[in-house]
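Going down the list, the protein sequences come from chains A and B. Last residue of the first sequence: number 172 in my numbering, and the count goes up by one each step with no gaps. Last residue of the second sequence: number 798 in my numbering, and the count goes up by one each step with no gaps. Report on one structure; see the data block that follows.
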Amino acid sequence: MDLKDVEHLARLVSELDIAEIEIKQFGKKVRIVKHAYSPQTVMVPHADTVPIAPPIQSPMAIGGPSQPEESSRSEAAPPARPLEVIAIKAPMVGTFYRAPAPDVPPYVEVGQMLHSGQTVCIIEAMKLMNEIHSDVKGKIISIKIENAEPVEFGQVLLEVDTSARE
Amino acid sequence: MKSDLGLVTVLAARLWAQRGQLVNWEHLGADVRGYEKTVAALSQLLELGFDVRLSPAGVRLVPPADTPCEADLLPEQAGPCVYSPVVDSTNTAGVQLARVGAHHGTTVIAEAQLKGRGHHGHEWFSPAGMGLWFSLILRPAASVKKPGLVPLLVGLCVVRVLRELGARAASLKWANDVLWGKRKVAGILVERVESGPREAFVAGVGINIHQKESDFPEEIRDRCLSLDEILGASINRSDLLHKLVEELISRWHDEVSSGFGGVVKSWNEESGTVGMSVRAAVGQEILTGVIEGVGDAGELMLRCPDGSLRTMASGRIELMAKPDHVGL
Chain A
7 MDLKDVEHLA RLVSELDIAE IEIKQFGKKV RIVKHAYSPQ TVMVPHADTV
57 PIAPPIQSPM AIGGPSQPEE SSRSEAAPPA RPLEVIAIKA PMVGTFYRAP
107 APDVPPYVEV GQMLHSGQTV CIIEAMKLMN EIHSDVKGKI ISIKIENAEP
157 VEFGQVLLEV DTSARE
Chain B
471 MKSDLGLVTV LAARLWAQRG QLVNWEHLGA DVRGYEKTVA ALSQLLELGF
521 DVRLSPAGVR LVPPADTPCE ADLLPEQAGP CVYSPVVDST NTAGVQLARV
571 GAHHGTTVIA EAQLKGRGHH GHEWFSPAGM GLWFSLILRP AASVKKPGLV
621 PLLVGLCVVR VLRELGARAA SLKWANDVLW GKRKVAGILV ERVESGPREA
671 FVAGVGINIH QKESDFPEEI RDRCLSLDEI LGASINRSDL LHKLVEELIS
721 RWHDEVSSGF GGVVKSWNEE SGTVGMSVRA AVGQEILTGV IEGVGDAGEL
771 MLRCPDGSLR TMASGRIELM AKPDHVGL
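Structure, rendered in structure tokens:
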């Protein structure tokens, strides 16, 4: 297992609806855990895991016997870009709406680039339509709530990869 | 032929600018655009309730007698008045204006709305000359800590003005539907927008005024009622607009400094629905209970049959029965 594999796994955990993944291979173990409300995908070092601290931010920190040879990495393909996932959370209890009205397109879609201050949805509470704005920029990787569903305070509405560039 | 809504709006504005006068077809651009297209758009104006008279010489739009289109009808405290004979929705226009920095008190008025909006998914039937459809931009000096109280305040203002006119038994169904019995007289939609460092509330109000029962679409006929029908008289829309804007702006100033602290007490005393049994839908859940009032953020408090107290920040309620002490 090399750094690329770890990055690939981290990406899987981040993009798919996986909370945790653990891989055992050649006597080494890697566990990647996504915290529900944590803004980032983190790796939790295990007792018998290769010392990783924290590989997403500093890929070169991998040490130990399995450290991949630098030369083994293709020069043509740069290392996979690490994701920096930020959750946009509900600032209030209410009903989540993706569009200002039922017959108009949603404010945002998955895959779209988001700029800071952009309206991402509406939360209705006490029949007040509150525009919810993003305070980060990046690419929307998931929308966690269905239109017209109730949301609780602090519930994750969207996840944004702030490392993405257009 | 399907008419295009942009053209409907443009023709309405042009005819309105010369209301009462004959506007020739060329001035309406019919020779360039095509007569068929122009007539289709004019037909839609007729459907919207405008008195549009077509002749070979041209077109005449006769404005409703009590049109609320003059800015000087508004009280002194009001801001600029933006009037259009036809808009998609006054609230949509109000939100756009608020985003670009429109002043506190700016009032957006339309004779008819193409897509009058109620709460999500509900269209508000708003034909020309029949009611009052307007949106008022309200800007607090500092961020409002309990913004959920703003829609309740707007509802209180509307119900107060209607009661003063003689509709004494008008009531407020949470959060801010104005009812007569179980029928809706007025609807309110408040949207909160952030424009730069300041927030703005766009308070949209729609009041049924001159409709007869047969004027309402059949599918909502048994759920709506107009003010004229309640009072047995013809209410002047301009006068009513003046009173409402005055009430809204003055009550806003009274409440904004105290963080809307008086709204909860007023709502519980004046809504006319405390103590009523309701059925409520919160997401997929349906529950029943008796209204105890609203909490300090404007949430509805329901006493459920098992004795527990439920609070609702969102969802819909339906009135079940009227207890004796709230007489119609």
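Every residue gets a Cβ at the ideal spot worked out from N, C-alpha and C, and that includes glycine.
- Shortest Cα-Cα distance from residue 159(A) to any of 94(A), 89(A), 88(A) and 87(A) involves 94(A).
- Bridge pairing for residue 603(B): 580(B) and 676(B) [DSSP].
- In the structure shown, the three-state DSSP call for residue 787(B) is strand.
- When DSSP states are grouped into helix, strand and coil, residue 621(B) belongs to the helix group.
- For the segment 564 to 588 of chain B, the residues whose beta carbon sits under 7 Å from a beta carbon of chain A are, in order, 587.
- Counted as a single uninterrupted DSSP element, the beta strand (DSSP E) harbouring residue 654(B) occupies residues 653 to 665.
- The beta-carbon separation of residue 548(B) and residue 575(B), rounded to 5 Å, stays under the 8 Å limit for a contact.
- The three-state secondary structure of residue 121(A), taken from DSSP, is coil.
- At a beta-carbon threshold of 7 Å, the residues of chain B lying near residue 100(A) are 783 and 784, ordered along the chain.
- Against chain A, the CB of residue 670(B) has no partner CB under 7 Å away; the residue lies outside that interface.
- Cβ neighbours of residue 136(A) within its own chain (closer than 6 Å, five residues either side excluded): 129.
- Listed along the chain, the chain B residues whose CB falls inside 8 Å of the CB of residue 155(A) are 753.
- Nearest neighbour of residue 105(A) by Cα position, chosen from 138(A), 91(A), 167(A) and 143(A), turns out to be 138(A).
- Separation of residue 713(B) and residue 719(B) (C-alpha to C-alpha, rounded to the nearest whole angstrom) is 10 Å.
- Per DSSP, the unbroken beta strand (DSSP E) holding residue 751(B) starts and ends at 747 to 752.
- Burial state of residue 133(A) is buried, judged by a 10 Å Cβ sphere holding 16 or more other Cβ atoms.
- For residue 621(B), the nearest CB of chain A lies under 7 Å from its own CB, placing it at the interface with that chain.
- Of all residues in the segment 120 to 136 of chain A, only 123, 125, 128, 129, 130, 131, 132, 133, 134, 135 and 136 come within less than 9 Å of chain B when Cβ atoms are compared, listed by chain position.
- Counted as a single uninterrupted DSSP element, the stretch harbouring residue 167(A) is not any alpha helix (DSSP H) but the beta strand (DSSP E) occupying residues 162 to 167.
- Residue 155(A) has its alpha-carbon roughly 27 Å from the corresponding atom of residue 569(B).
- The DSSP assignment places 731 to 740 as complete runs of the alpha helix (DSSP H) inside the segment 715 to 782 of chain B, in order along the chain (cut-off: 4 residues).
- For residue 154(A), no beta strand (DSSP E) segment is defined, and its DSSP state is neither H nor E.
- Not one beta carbon of chain B lies nearer than 7 Å to the beta carbon of residue 170(A).
- Contact of residue 105(A) with chain B is not assigned, every C-beta pair being separated by 7 Å or more.
- Of 89(A), 100(A), 140(A) and 91(A), the smallest CA-CA separation from residue 753(B) is found for 100(A).
- Closest option to residue 789(B), judged by alpha-carbon separation, among 603(B), 610(B) and 748(B): 748(B).
- Residue contact with chain A for residue 662(B): present (Cβ-Cβ distance below 7 Å to some residue of chain A).
- Where residue 512(B) is concerned, the enclosing alpha helix (DSSP H) starts and stops at 505 to 517.
- Per DSSP, residue 560(B) is one residue of the alpha helix (DSSP H) stretching across 560 to 569.
- Annotation for residue 521(B): the continuous beta strand (DSSP E) segment containing it runs 521 to 525.
- Each residue's CA atom was taken as its position, placing residue 103(A) and residue 605(B) some 22 Å apart.
- Non-local beta-carbon contacts of residue 598(B) in its own chain, meaning distances under 6 Å to residues more than five positions away in sequence, involve 518, 519, 520, 581 and 582 in chain order.
- If you check the CB distance, residue 726(B) and residue 610(B) come in under 7 Å.
- By the C-beta criterion, the segment 653 to 665 of chain B is judged to be in contact with the segment 693 to 701 of chain B, since at least 3 inter-stretch pairs fall below 8 Å.
- For residue 614(B), there is no enclosing alpha helix (DSSP H), as DSSP marks it with neither H nor E.
- Its chain contains 584 and 585 as the residues whose beta carbon lies nearer than 6 Å to that of residue 558(B), once the 5 sequence neighbours on both sides are disregarded; these appear in chain order.
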